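Residues 220 to 1145 in the numbering used here are what the sequence shown spells out, letter by letter.
Idealized CB from N, CA, C, for every residue including glycine.
Everything numeric in this text was worked out from a predicted model, so none of it was measured.
Accompanying notes for the structure given below.
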Amino acid sequence: MGTSAQILAMLILIQSILIFCTGTNLDGSCIKIEREALVKFKSSLAINSSDSLLSWVGDDCCRWEGVSCDNITDHVVKLDLSRAYFQGNILSRAYFQGNVSLHLGNLSNLQYLDLSGNNELAIDSLQFPSSMKYLNMEAVLLDKCVDWLQSINMLPSLLELHLSNCELSIPGHVSHVNLTSLEVVYLSGNNFNSKIPSWLFNITNLQHLDLSYSAFRGSLSTRIGNLNSLSFLDLSWNSLEGNIPTTLNQLCNLSELHLKTNKFSGEISGPFGNSSSCVQKSLVYLYLYNNSFSGSLPNNIGQFKHLKFLLLSNNSFWGPIPVSIGQLSNLQILDFSQNSLQGKVSELHLLKLRGLDQLILSGNSLVFDIDLKWVPPFQLSRIELSSCKLGPWFPQWLKTQKSIAFLLMSNASISDSIPDWFENISSNIEGLDLSYNQLSGILPNLRKFNTTYEVYYRYILLKSNRFEGSLTHFHSDASILDISNNLLQGQIPHNISEMMPILRFLSLSNNSLNGTIPASLCMIESLDILHLAKNHLSGPIPSCWGNLQRLTVIDLSSNMLGGHIPMSLSSQQFLVSLHLQNNNLQGKIPISLRNLEYLETLDLGNNYFDGYIPWWIGESLSSLKVLSVQSNKFEGEIPLQLCYLASLRILNLANNMMTGTIPTCFGNFTAIAMHENKGLWDYYTYLLPREAFEENGYGENVQVYVKGIELEYTRTLRFLYSIDLSGNNFVGEIPQELMNLSGLLNLNLSTNKLDGHIPWNIGKLSSLESLDLSENELSGSIPFSISDLNFLSHLNLSFNHLSGRIPKGNQLQTLDDKSIYIGNNGLCGPPLNNCSDDADELPKGHEKGGTTRKDDSEMLWFYSGMGMGFVAGFVGVCSILYLKDSWRSAWFELVDRVYNKLWVTVGIKGNQLKRKFMRNTFEGNA
């Protein structure tokens, strides 16, 4: 009993001491001054009604959510509000009426503060207790805290600092760094737009430094070698440039280095090529991709024994892959893709890569010299060898790989058939790309994708090979299937929706498929892109499109389809591209198509459509970039509503039976006038991964008659601005307003009945490469400003009524083909016959930058005639005076003045008349 009393007395004494020393309340709650600080902090956030801090009531703040206290002293040591949610009306008063000042100085023992994730919380001033060890304010808005570094620098005990995505723009400067204990720094996702601050290189205890995505620029300081405790360094996604400093090889603890997506250049042999380099003993993850590094790969790369990830893609490395790389037994990912590497890859390069999971070498000129009986030491899940030379035989070593998820070997010089054993390894293949080879035989059998997921995406790309046979027995559970540009025959299976039920992208174009388009295609509700162009399909377009709600592209061009456009096509509310050109379709454009408000490309060319161009195209299809209805039977005038198409870049109304004048409002085509290059021109389903994007998907395409030939624009379509109204019956003048379209590359108005003059300011079409005004009724002279068209490579002005001297200068001098001016009997000068000696000067108003009015020629001859009449009368009165020397001298002086005045007024013709009259006068014929 006595012992118990002594123990109880001792406990009471200890409690009393603690209460006295720490200020703990007698009722067991947290320290009063700290509770009051927390209440003040809560009220400053204006979140009294927030569910996040409903527990912040009562005296014991140590029991409040997000608050932790020391078990002995009751001091608040941790404040974790990372899961609080300060937004909406709750924060609106604080956010719009002044930002929160974060003052937690009264929490004198606070060591841990986490406000991360509150991306609508704004703080304009920072004050913390010096006891702070962990500070995380990730995604909190700190753009007003210009002195943030000074506040942080007053925390000598700080171990971790997390200020990522805080919209900081000033990296800060301090004369003396107090952060000697700091081990972890996250400053990623800000917008510093400066060099990496020098104060960071003074924190020698730093182990983890993340400066990614923060707009740092300039070179990386050699002082990076001072951070010899560093194990993690991430400088990726900035604009850093120059060489990597060799002092990097002094970082003996560095295991993870991220320098990807910068502007680094030069060789990497300095920091990584030194055999005595300290970093080669520690480095595990090396990310250098998306830079401008060059030179050869270090020969001693095999000495980085701990390397697991080696990613050097998208640089300019050249030369062979060092054989020593085969010694990296811990390597899991090897990515040298998209460089300029060359030479052979043999078994030695892969000798000890037992842990290799991904082999990515695409986009190089490597030649695989592998023995047919070689058995690799690894099991790969990803193989990317596109553009390497693997052929002519299908790689036999793949037979041993049972876990392949992605196999990309396009353009790999394989001229073989796919072996039977390929089916055995196919069940795990999620992505297969064997395009652009010479693979022959029937389509390969692929086993059903082996997955436990109910929803999965599989892509199979076999385009541009020599596969034969039909689709009848080809069953696929692919979401993306591209077998275009092969030798397939037969019909599209009538039960295709059962064979390929989850298709998102289907391309069978450029084969020899025949028969009709099966209605069961309309049962594949997941379909995004349907590309059946360049086959021998016949019959009508199915009228079942109402079942599909996701289509963005329909390309049925270059077949033998007949009948009318079905009304149900208008149900495709998200359709962006519709190609029906080069078929046998007929009738009128149905008004139901006006519902396709997102349509960017409408190509109905080379069919038998008739009637008028619908006016509603200009009002309802406001997103159109391409409108082509060439080579049909359209008649009537151009509807003025087409001028509403501000995004239009390509307009082709050629070879119809249209009449009327060219609307002056065509000058309103804003996209052409402004060289606009907005939006996508190639369409992909989002399922395609990064490595399959470049050569796959649906590439927008348009056929345009330009530079005298018909060209198909695909990848360069985004740079084309074209108007083609040729082969119609348009009359009147060429509108001056067309000269506002400075981005126009191709203008074809040939084979119409246009009259008047070529616009005097045609030189304003500064981007023009092809101009065809042939076979019209244009008259007058060729404007001198045409010589300002510095990019003009094709010109045709033949078969008009043009006259006068052909302008000289600049790019025009290279167009020396006489046929471009033939059929204009009044033209002279190179490359045609030379003009007379009297026409060796240019008239006023035709020099560069001058103006030429419509009635120049009429005025010219009016003044010429007036001059001759005046001279004839004058001769009649004064001829007798000519016999006297003094009068003769005065006479010639007067004639010279008269014709000099005439020269100023009417140019060359006045000068010619002067010379002719003077010559005749001397010969006595005046």
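Which same chain residues, not among the five before or five after residue i, have their C-beta less than 6 Å away from its C-beta?
i, result
"residue 1019", "995, 997 and 1043"
"residue 788", "764"
"residue 353", "331 and 379"
"residue 429", "405, 407 and 453"
"residue 328", "294, 296 and 350"
"residue 422", "398 and 401"
"residue 455", "431, 477, 479 and 480"
"residue 680", "652, 654, 701 and 915"
"residue 785", "760 and 762"
"residue 529", "505 and 553"
"residue 572", "550 and 597"
"residue 1028", "1006"
Going along the chain, which residues of its own chain have a beta-carbon closer than 8 Å to the beta-carbon of residue i, five neighbours each way excluded?
i, result
"residue 1030", "1006, 1008, 1009, 1010, 1011 and 1012"
"residue 393", "368, 369, 372 and 418"
"residue 878", "854, 855, 856, 947, 948, 949 and 950"
"residue 637", "613, 653, 658, 660 and 663"
Rank the options by C-alpha distance to the C-alpha of residue i and give the top, closest one.
i, options, result
"residue 595", "575, 521, 440 and 536", "575"
"residue 928", "937, 989, 274 and 893", "989"
"residue 663", "694, 590, 647 and 826", "694"
"residue 1054", "1038, 750, 1028 and 1022", "1022"
"residue 535", "507, 548 and 547", "507"
"residue 1017", "977, 873 and 291", "977"
"residue 1045", "748, 924, 999 and 1037", "999"
"residue 926", "1015, 876 and 952", "1015"
"residue 358", "344, 385 and 640", "385"
"residue 697", "743, 686 and 688", "743"
"residue 563", "555, 546, 579 and 538", "538"
"residue 498", "512, 526 and 483", "526"
"residue 965", "939, 510, 542 and 1047", "939"
"residue 782", "769, 756 and 770", "756"
"residue 717", "732, 727 and 690", "690"
"residue 723", "677, 685 and 709", "677"
"residue 864", "343, 738 and 889", "889"
"residue 433", "881, 873, 457 and 361", "457"
If I'm right that residue i touches residue j with Cβ under 8 Å, what's the distance once you round it to whole angstroms?
i, j, result
"residue 797", "residue 821", "6 Å"
"residue 516", "residue 540", "6 Å"
"residue 968", "residue 945", "6 Å"
"residue 869", "residue 941", "5 Å"
"residue 668", "residue 646", "7 Å"
"residue 714", "residue 730", "Actually they are not in contact, since the Cβ atoms of residue 714 and residue 730 sit about 19 Å apart, beyond 8 Å."
"residue 581", "residue 557", "7 Å"
"residue 1004", "residue 982", "3 Å"
"residue 802", "residue 828", "Wrong, their Cβ atoms sit about 10 Å apart, outside the cutoff."
"residue 461", "residue 438", "4 Å"
"residue 440", "residue 485", "At roughly 16 Å, the Cβ-Cβ gap does not stay under 8 Å, so residue 440 and residue 485 are not in contact."
"residue 780", "residue 804", "6 Å"
Beta-carbon within less than 7 Å of residue i's beta-carbon, same chain only, minus the 5 sequence neighbours each way: which residues are those?
i, result
"residue 544", "520, 521 and 568"
"residue 307", "In this prediction, residue 307 has a pLDDT of 38, which is less than 50 and means its spatial position is unreliable; nothing more can be read from the coordinates."
"residue 246", "Its pLDDT being 46, under 50, residue 246 is placed unreliably by the model, and the measurement read from it follows with that caveat. Within the same chain, residue 246 has close Cβ partners 278."
"residue 425", "401, 402, 404, 446, 448 and 449"
"residue 592", "none"
"residue 611", "632, 633, 634 and 635"
"residue 390", "411, 413 and 416"
"residue 643", "none"
Counting only runs of 3+ residues fully inside the region 692-724, write out the beta strand (DSSP E) ranges in chain order. Annotation note: the region 692-724 contains the following uninterrupted beta strand (DSSP E) runs of length 3 or greater, listed N- to C-terminal: 699-701 and 708-710.
3-residue-minimum beta strand (DSSP E) runs that sit fully inside the region 509-583, ordered along the chain: Here the runs fully enclosed are 511-514, 528-530, 535-538, 552-554, 559-564 and 577-579.
Entirely within the region 407-459 and at least 3 residues each: give me those beta strand (DSSP E) ranges in chain order. Segments of the beta strand (DSSP E) lying fully in the region 407-459: 427-429, 436-438 and 451-453.
Given 8 Å, three or more beta-carbon pairs between the region 883-892 and the region 827-837: Remark: fewer than three beta-carbon pairs, one from each stretch, lie closer than 8 Å, so the region 883-892 and the region 827-837 are not flagged as touching.
Which residue spans inside the region 733-760 form an unbroken beta strand (DSSP E) run of at least 3? Here the runs fully enclosed are 748-750 and 755-759.
Okay, do the region 952-959 and the region 932-939 touch, 3+ Cβ pairs below 8 Å being the bar? With a cut-off of 8 Å, the region 932-939 and the region 952-959 do not count as touching, because too few Cβ pairs lie within range.
Complete runs of the alpha helix (DSSP H) confined to the region 322-368 [at least 4 residues]: Annotation note: the region 322-368 contains no uninterrupted alpha helix (DSSP H) run of length 4 or greater.
What are the start and end residues of each continuous beta strand (DSSP E) run of 3 or more residues lying completely inside the region 775-821, in chain order? 779-782, 796-798 and 803-806, all fully within the region 775-821.
What beta strand (DSSP E) runs, 3 residues minimum, are completely inside the region 842-879? For the region 842-879, whole beta strand (DSSP E) runs of length 3 or above, ordered along the chain, are 845-847, 852-855 and 869-871.
Complete runs of the beta strand (DSSP E) confined to the region 920-979 [at least 3 residues]: Here the runs fully enclosed are 921-925, 928-932, 941-943 and 965-967.
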